[in-house]
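A short write-up of the structure that comes next.
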Amino acid sequence: MLSFMLSISIDNPFSTPYPNTCYDNLSPQIDYKNSYDPQFLYNISVQVTINEISKVLYENFTGTRILTRTSQDIDDFYLLSALESCRDFLSLALYNLNWSLPTSGSALTTRETRTNFRTWLSAAGADLQACMDGFEYAPDEVRKVVTANLNSSIKLVTTSLAIISKIDDYMSSHEFVDIIDTSSEVTINWEPTSDWLSSKDKNLIHNSKHTIQPDVVVAKDGSGMYKTINEAINDVPRYSNKRFVIYVKKGVYNENVRVEKEKWNVLMYGDGMSNTIISSNRSNRTGTMTKYSATFAVYGKGFIAKDIGFQNTAGADKGQAVALFSASDQSVFYRCLRHTRKKANTLSERRYNCSRKIGSTFQHGYIDTKMFDYGHENLGRVKTFLGRPWKDYSTVVVMESQLGSLIDQKGWSSWGNSRTGPDTIHYVEYNNVGPGAVTTNRVRWKGLRIDNTQKDASKFTVRSFIDGDKWIPSTGVPFQADM
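As structure tokens, then:
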């Protein structure tokens, strides 16, 4: 038990974003003697959330019940695709929530564990939001029913995130307090102890392809075990802690690949990001949602990609088209290229909740026309923006990078029919160079910081933003911890 008092208790639900949801769902599970125990409240909150999402998934999103309730045509390909995608996102949310449950009485006493739990909860919240986003173009009647079904689940995830965030804030400010036995004082070691990438894996990343012994070889010319990548993925053991290595020989592989959440510790390498290319042309205009339109989608933890290119060739008028979709924990993409053919290219980050420490940082990057060179077709003239606000708390930082002339002078694009970004976004440009780094004609949004931004930018370095100095060295991938 954590022996300290917080402002969170079942008698004080107003310290959470949705007090009524907090009280109505948690109070039946709690009696007076444990109503002020933060860890107990957190455990109950996550478990109640899991139960709620499970109920929604199996009672309302099984089959076509949602569409039947709204009297919609169940043969509508777009709606059926959105429904199928939503079911997968709900299952993924449950998977992430189960990882956010403590496994012992002292599980919340380390910062690493609390940070991991916040990450898993944030991922679950993003999964629920992605489910709802899939019905963006559905009839109003359908969207209202979907929203009504998921509203409580989203509020419960946010409540759990608020509880663990308050616990983490308190304990981070009391580093040297003994949180197990208050009769003595000890120093807590904040350093994470897990070295999740072994020395063998690091060698796989850096060694020549000729010295790596793959488990499976994929080759279009028939010289390998399989001709398609999906066939090789089928051979990956479920939930295995042993690294499974797939070598994909030179060629363009026209397929949509999914590495499911049960497929752990896959390392896939090719003959170079311009030689081994995974390509597809799906988009949401073809009736497939984000995760299904993605050329390459990965969910299983511990995934590593090396020397492979990912592309989506849907075209400029096909709407949202995704080349790479990654929800893999502890993953590495090394010497890989991602690109999409669109009217406008953007670097953007979805963030729906202010409690989440999440965003996209581009540091020491190179953004120029070569990024959009598709063989004989150069799309360098396509409008390219640094980002657009996908959700209210979208966060993108571009610093110390080379920006080519393809970057539109406005810098940032609005979302949909809006002419501006929400005041709650956090966009930063700092110390960039090149013709695309000129900020004279940038959009003037409240959430955009382009002047005297060193203080803002310093919060988003590898060390400050993701504690990367503590875990990236184990990958062997070169990086710079600070500015």
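At position 20 of the sequence shown (counting the first as 1) the number is 20 in full-length UniProt numbering, and the numbers step up by one without a gap. Beta carbons are placed, not taken as given, at the ideal position from N, Cα and C, and that holds for glycine. All of these numbers come straight from a predicted model, not from anything done at the bench.
To which residues of the same chain is residue i closer than 7 Å at the C-beta, ignoring the five residues directly before and after it?
{"i": "G434", "result": "Q402, L403 and G404"}
{"i": "S240", "result": "W264 and N265"}
With DSSP as the reference, identify every bridge partner of residue i, one or two as the case may be.
{"i": "H339", "result": "Q311"}
{"i": "F362", "result": "V398"}
{"i": "M268", "result": "I246 and A305"}
{"i": "A297", "result": "R258 and F325"}
{"i": "K263", "result": "R238"}
Could you please give the first and the last residue of the uninterrupted beta strand (DSSP E) stretch that includes residue i?
{"i": "G251", "result": "G251 to N254"}
{"i": "R258", "result": "V257 to V259"}
{"i": "I407", "result": "That residue, I407, is in no beta strand (DSSP E); it is neither H nor E in DSSP."}
{"i": "S331", "result": "It is not in any beta strand (DSSP E) - S331 carries neither H nor E in the DSSP assignment."}
{"i": "K306", "result": "I304 to K306"}
{"i": "I233", "result": "Note, I233: premise wrong, no beta strand (DSSP E); alpha helix (DSSP H) at I229 to N234."}
{"i": "E429", "result": "H426 to Y430"}
{"i": "K391", "result": "That residue, K391, is in no beta strand (DSSP E); it is neither H nor E in DSSP."}
{"i": "I277", "result": "T276 to S280"}
{"i": "V216", "result": "V216 to V218"}
{"i": "F479", "result": "Neither: F479 is in no beta strand (DSSP E) and is coded neither H nor E."}
{"i": "T384", "result": "K383 to F385"}
Please return the same chain residues whose Cβ sits closer than 6 Å to the Cβ of residue i, not counting the five positions on each side in sequence.
{"i": "K448", "result": "For the sequence presented, residue 448 should be read as Leu rather than Lys. So the list reads Y427, once near-sequence residues are dropped."}
{"i": "R118", "result": "I164"}
{"i": "A123", "result": "N96"}
{"i": "Q47", "result": "none"}
{"i": "T439", "result": "I450"}
{"i": "V298", "result": "V259, S326 and S328"}
{"i": "M171", "result": "none"}
{"i": "M437", "result": "Note that residue 437 is Ala in the sequence shown, not Met. Excluding positions up to five away in sequence, the list reads L403."}
For the alpha helix (DSSP H) containing residue i, name the first residue and the last one.
{"i": "S85", "result": "F77 to W99"}
{"i": "M171", "result": "D140 to S172"}
{"i": "S117", "result": "Before going on, a small fix: residue 117 reads as Phe here, not Ser. Counting along the chain, the alpha helix (DSSP H) containing F117 begins and ends at R111 to D133."}
{"i": "V56", "result": "P38 to N60"}
{"i": "S458", "result": "Q454 to S458"}
Given residue i, which residues of its chain have a CB within under 8 Å of its CB, disregarding the five upstream and five downstream residues?
{"i": "S274", "result": "G309 and L337"}
{"i": "E52", "result": "N25, S152, S153 and L156"}
Straight-line CA distance for residue i to residue j?
{"i": "D24", "j": "V396", "result": "36 Å"}
{"i": "S360", "j": "V462", "result": "11 Å"}
{"i": "V217", "j": "G411", "result": "43 Å"}
{"i": "A107", "j": "D37", "result": "14 Å"}
{"i": "V252", "j": "T159", "result": "46 Å"}
{"i": "Y58", "j": "N441", "result": "51 Å"}
{"i": "D215", "j": "D235", "result": "9 Å"}
{"i": "K220", "j": "T276", "result": "11 Å"}
{"i": "A232", "j": "G125", "result": "31 Å"}
{"i": "A138", "j": "V146", "result": "10 Å"}
{"i": "T424", "j": "T313", "result": "33 Å"}
{"i": "W190", "j": "W99", "result": "Unreliable placement is indicated for W190, whose pLDDT of 28 sits below 50; the coordinate value is still reported in the next sentence. Roughly 21 Å between the two C-alpha positions."}
{"i": "Q39", "j": "S223", "result": "56 Å"}
{"i": "S85", "j": "A323", "result": "17 Å"}
{"i": "Y247", "j": "I212", "result": "9 Å"}
Should residue i and residue j be called a contact, given that it needs their Cβ atoms to be closer than 8 Å?
{"i": "residue 497", "j": "L26", "result": "In this structure the chain extends from 1 to 483, so residue 497 is not present and cannot be described."}
{"i": "F303", "j": "V257", "result": "no"}
{"i": "L128", "j": "S153", "result": "yes"}
{"i": "Y366", "j": "M399", "result": "no"}
{"i": "L101", "j": "N43", "result": "yes"}
{"i": "G134", "j": "A82", "result": "yes"}
{"i": "E255", "j": "S283", "result": "no"}
{"i": "D329", "j": "K301", "result": "yes"}
{"i": "A481", "j": "D469", "result": "yes"}
{"i": "V56", "j": "L150", "result": "yes"}
{"i": "R114", "j": "I167", "result": "yes"}
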